[in-house]
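Heads up, the sequence shown is in the working numbering, so the first residue is 333 and it goes up one at a time.
Ideal placement from N, C-alpha and C gives every residue a C-beta, glycine not left out.
All remarks here apply to the structure that follows.
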Amino acid sequence: MKIVCIGRNYLAHVKELDNDLPTEPMFFMKPDTALLPEGEAFVYPDFSNEIHYETELVLRVCKTGRHIAENEASDYYDAITVGTDFTARDLQSQCKAKGHPWEKAKAFDGSAVVGKFHEINNLSNLNDIAFGMKLNGEWKQQGHSSDMIFSFDKIVSYISRFVTLCEGDCIFTGTPQGVGPVKSGDVLELFLEKETVCQFEVK
Ligand code: MG
333 MKIVCIGRNY LAHVKELDND LPTEPMFFMK PDTALLPEGE AFVYPDFSNE
383 IHYETELVLR VCKTGRHIAE NEASDYYDAI TVGTDFTARD LQSQCKAKGH
433 PWEKAKAFDG SAVVGKFHEI NNLSNLNDIA FGMKLNGEWK QQGHSSDMIF
483 SFDKIVSYIS RFVTLCEGDC IFTGTPQGVG PVKSGDVLEL FLEKETVCQF
533 EVK
């Protein structure tokens with residue numbers, strides 16, 4: 333499986349990082365080795381001094397497809413959860429400044445945390461999903477799917493024009509505002525609506 337991540341999909345987050353507003357979805361990928369195994373702690377990597385959390389809604393792809401039409405895109409994902417797109421912000425800033433690819437800032441081992449999936453059939457309205465993250469018991473990010481610049485269907489359709497989506501792939505759909513650093517000893521708790529879908533520690 334692969335992990336596809338959308339960047340700059342919430343206006344307030346685009347502004348907090350002083351980026352330009354996107355006119356079409358922007359995506360990058362993480363390899364399957366980026367997935368943090370369930371139940372394990374996130375190990376702070378030695379190549380960064382500025383690891384940031386980004387709390388995001390994550391879709392699970394249920395069917396292989398390419399060139400998927402936007403009005404058929406909802407057939408291609410069947411479950412949703414909340415995840416953490418860990419980012420080495422210091423390395424990312426260096427890569428951006430040099431015009432280099434981002435992979436070492438985004439695709440490292442353990443950089444993709446994915447919570448327990450919920451079947452989409454059980455959710456009444458995909459445009460009305462609240463999610464968030466508590467760091468050491470305190471709210472740090474709270475987002476809402478209605479604030480996304482590009483919808484789930486738009487994202488799935490757009491990615492599939494360039495990259496075949498396969499059953500089991502995960503799509504991180506972008507972070508709302510409030511990204512920030514973690515340190516050793518922190519505990520992150522991810523929420524889909526009011527339910528905890530994942531809890532893990534930083535080591
Ligand atoms: Mg992100």
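MET358 versus LEU520, ASP364, ARG340, residue with shortest Cα-Cα distance: Of LEU520, ASP364, ARG340, the residue nearest in Cα terms is ARG340.
Identity of the residues DSSP links to LEU520 by a beta bridge: LEU467, PHE532, per the DSSP bridge assignment.
Any non-hydrogen atom of the ligand MG within 8 Å of ASP417 CB: Yes, the beta carbon of ASP417 sits closer than 8 Å to at least one heavy atom of the ligand MG.
Contacting residues, own chain, Cβ-Cβ under 7 Å from LEU375 (five flanking each side not counted): Correcting the residue identity first, residue 375 is Val in this sequence and not Leu. GLY442, LYS535, listed in sequence order.
Buried versus exposed call for PRO508 [16 or more other C-beta atoms within 10 Å across all chains shown]: With 16 or more other Cβ atoms from the protein chains shown falling within 10 Å of its own Cβ, PRO508 counts as buried.
Helix, strand or coil at VAL488 [DSSP, three-state]: VAL488 sits in a helix when the DSSP states are folded into three classes.
Where LEU391 sits in the DSSP three-state scheme: The answer is strand: DSSP assigns LEU391 an E or B state.
Contact between the segment 443-455 and the segment 467-477 (3+ Cβ pairs under 8 Å): Too few Cβ pairs lie closer than 8 Å, so no.
Among ASN381, LEU343, ASP350, the one whose alpha carbon lies nearest that of LYS428: Comparing Cα-Cα distances from LYS428 to each of ASN381, LEU343, ASP350, the minimum goes to ASP350.
LYS362 - containing beta strand (DSSP E), residue span: For LYS362, the enclosing beta strand (DSSP E) covers residues 358-362.
The ligand MG heavy atom lying under 8 Å from the CB of GLU388: Correct: GLU388 has its Cβ closer than 8 Å to the ligand MG.
THR387 and VAL346 closer than 9 Å at C-beta: Cβ atoms of THR387 and VAL346: not closer than 9 Å.
Rounded straight-line distance, which links the Cα of PHE494 to that of ILE335: Near 14 Å, if we compare the C-alpha coordinates of PHE494 and ILE335.
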